[in-house]
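Participant: Pasting a structure here, questions to come.
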Amino acid sequence: MEEEVVGSTSSSSSSSSKFQLTFWEVTAAGGVVLGFMVGLLGVYLTMPASDYSFLKLPRTLEDLQILRDHLESYASDYTIQVLVGYCMVYIFMQTFMIPGTVFMSLLAGSLFGVLKGVALVVFTATAGASSCYFLSKLIGRPLVFSLWPDKLFFFQAQVARRREGLLNYMLFLRVTPTLPNTFINVASPIVNVPYHIFFLATVIGLIPAAYVTVRAGIALGELRSMGDLYDFQSIATLFLIGLVSVTPTLMRKSKLQHSIS
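Okay, here's the thing in structure tokens:
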């Protein structure tokens, strides 16, 4: 089985390194981008006439604070437009692996509070991850083999070994920073992680980290650097939750080995 996996992977790697995509695959990806652009344009056209030079993807805490200060008044008067615009931007960033979604999570906490912010972040992150999953299933194989060959071999081997407890393993990956979420989104369809497992692990597994980030967004003015987001206690808590998620699988394997012996 391992020889079959490695053989197919190596052959796919050599052929996919050229990024050969069909016309219809490129057209589908372009259609997704166009759909997002049309949606964002619709949100922009329904907002009141104003100077929107402050609207840009935040790259620093200073950028985020400026964006928050301008959006606070719009969030109360034009709640639907702000929510739709926020969701589309977050999903777009997740779909196309654009860095900076952590800033969007902080913004959700700052604008909408903890409960609404966590619900919003989990919804948009899950929708964006799902969009990335299906887009990667269509055109992602060359990209994954080119950018993360070593991680892909590791992930593929782990998924093959943990088929019976795959949901627990995916939960562990979502809760802990063992593998980047971006990589998980793109690589999961390549290594045959079923979508229903991917979806459940994403919805449940993102809640702890979303809570930490959204809660920090409420005190946005007190953050001095992104390092303040995750202290030792927060990281240790996430790993503890991750270990709990894989405990049923470990216990099942232990019982199986004991019964065999």
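For the sequence shown, my numbering gives the first residue as 84, with consecutive numbering after it.
C-beta atoms are modelled at their ideal positions from N, C-alpha and C, and glycine is treated no differently.
Quick caveat, the model's predicted, so the values are computed rather than measured.
Where does the unbroken alpha helix (DSSP H) through R151 begin, and where does it stop?
Facilitator: Mapped onto the sequence shown, residue 151 falls at position 68. Taken as a continuous stretch (DSSP letters only), the alpha helix (DSSP H) holding R151 covers 144-160.
Participant: Beta-carbon within less than 7 Å of I149's beta-carbon, same chain only, minus the 5 sequence neighbours each way: which residues are those?
Facilitator: Translated into the one-based positions of the sequence shown, residue 149 becomes position 66. Correct list, in chain order: F137.
Participant: Taking I267 as part of the alpha helix (DSSP H), name the residues at either end of that continuous run.
Facilitator: Here residue 267 refers to the residue found at position 184 when the sequence shown is read from its first residue. Its alpha helix (DSSP H) spans residues 264-270.
Participant: Is R246 helix, strand or coil by DSSP?
Facilitator: In the sequence shown, residue 246 corresponds to position 163, counting from 1. R246: coil per DSSP, three-state reduction.
Participant: Taking all protein chains shown into account, do 16 or more other C-beta atoms lie within 10 angstroms of the C-beta of W231, making it buried, or fewer, making it exposed?
Facilitator: For the purposes of this step, residue 231 is taken as the residue at position 148 of the sequence shown. It counts as buried.
Participant: For Y127 and F186, I'd like the C-alpha separation in whole angstroms.
Facilitator: Reading the sequence shown from its first residue, position 44 is the one you call residue 127. Reading the sequence shown from its first residue, position 103 is the one you call residue 186. Approximately 21 Å between the Cα atoms of the pair.
Participant: Leaving out five residues before and five after L123 in sequence, what residues of the same chain have Cβ atoms less than 6 Å from its Cβ?
Facilitator: Sequence index remark: in the sequence shown, residue 123 carries index 40 (1-based). So the list reads M171, once near-sequence residues are dropped.
Participant: Go ahead and pull the three-state DSSP assignment for K220.
Facilitator: Here residue 220 refers to the residue found at position 137 when the sequence shown is read from its first residue. DSSP places K220 in helix when its eight states are reduced to three.
Participant: Any chance the region 174-183 sits against the region 149-165, with 3 or more Cβ pairs inside 8 Å?
Facilitator: no
Participant: Along the alpha helix (DSSP H) that carries M187, what are the first and last residues, could you check?
Facilitator: Sequence index remark: in the sequence shown, residue 187 carries index 104 (1-based). Its alpha helix (DSSP H) spans residues 184-195.
Participant: Quick one: give me the first and last residue of the alpha helix (DSSP H) that V276 is part of.
Facilitator: Within the sequence shown, numbered from 1, the residue matching residue 276 stands at position 193. It is not in any alpha helix (DSSP H) - V276 carries neither H nor E in the DSSP assignment.
Participant: Output the boundary residues of the alpha helix (DSSP H) element that contains T261.
Facilitator: Taking the sequence shown and counting its residues from 1, one reaches residue 261 at position 178. No alpha helix (DSSP H) holds T261; DSSP gives it neither H nor E.
Participant: For the alpha helix (DSSP H) containing P131, name the first residue and the last one.
Facilitator: Numbered from its first residue, the sequence shown carries residue 131 at position 48. No residue range can be given for P131, since it is assigned to no alpha helix (DSSP H) and is classified by DSSP as neither H nor E.
Participant: Of all the options S219, G200, Q177, which has the alpha carbon lying nearest to the alpha carbon of A210?
Facilitator: Here residue 210 refers to the residue found at position 127 of the sequence shown. Selected option, being the one with the closest Cα: Q177.
Participant: My understanding is that M253 touches F281, with C-beta atoms under 8 Å, so please give their C-beta distance in whole angstroms.
Facilitator: Against the sequence shown, residue 253 aligns to sequence position 170. Against the sequence shown, residue 281 aligns to sequence position 198. Here M253 really is in contact with F281; their C-beta atoms are around 7 Å apart, less than 8 Å.
Participant: Can you check which of these residues, Y278, L203, S133, S271, is closest to F228 by C-alpha distance?
Facilitator: Taking the first residue of the sequence shown as position 1, residue 228 is located at position 145. Here the closest residue by C-alpha is S271.
Participant: Using the Cβ count rule (16 or more neighbours within 10 Å means buried), how would you classify A284?
Facilitator: Indexing the sequence shown from 1 puts residue 284 at position 201. Result: buried.
Participant: Please classify F106: is it buried, with 16 or more other beta-carbons within 10 angstroms of its beta-carbon, or exposed?
Facilitator: Numbered from its first residue, the sequence shown carries residue 106 at position 23. With fewer than 16 Cβ atoms within 10 Å of its Cβ, F106 is classed as exposed.
Participant: Kindly indicate which three-state DSSP category K234 falls into: helix, strand or coil?
Facilitator: On the sequence shown, residue 234 is found 151 positions in, with the first residue counted as 1. Of the three classes helix, strand and coil, the one that applies to K234 here is helix, per DSSP.
Participant: Would you report the Cα separation of K139 and L262, rounded to the nearest angstrom?
Facilitator: In the sequence shown, counting from the first residue as 1, residue 139 sits at position 56. In the sequence shown, counting from the first residue as 1, residue 262 sits at position 179. Using only the alpha carbons, I get a separation of about 28 Å.
Participant: Measuring alpha carbon to alpha carbon, tell me which residue in L194, I287, G304 is nearest Y161.
Facilitator: Position 78 of the sequence shown, counted from the first residue, corresponds to residue 161. Per the Cα distances, L194.
Participant: In chain order, what residues of the same chain have a beta carbon less than 7 Å from the beta carbon of P141, not counting five sequence neighbours either side?
Facilitator: As a first step, residue 141 must be located in the sequence shown, where it is residue number 58. So the qualifying residues of the chain are L147, L150, G183, F186.
Participant: Which same chain residues, not among the five before or five after Y294, have their C-beta less than 8 Å away from its C-beta?
Facilitator: Residue mapping note: residue 294 aligns to position 211 of the sequence shown, counting from 1. The answer, listed in chain order, is V197, V201.
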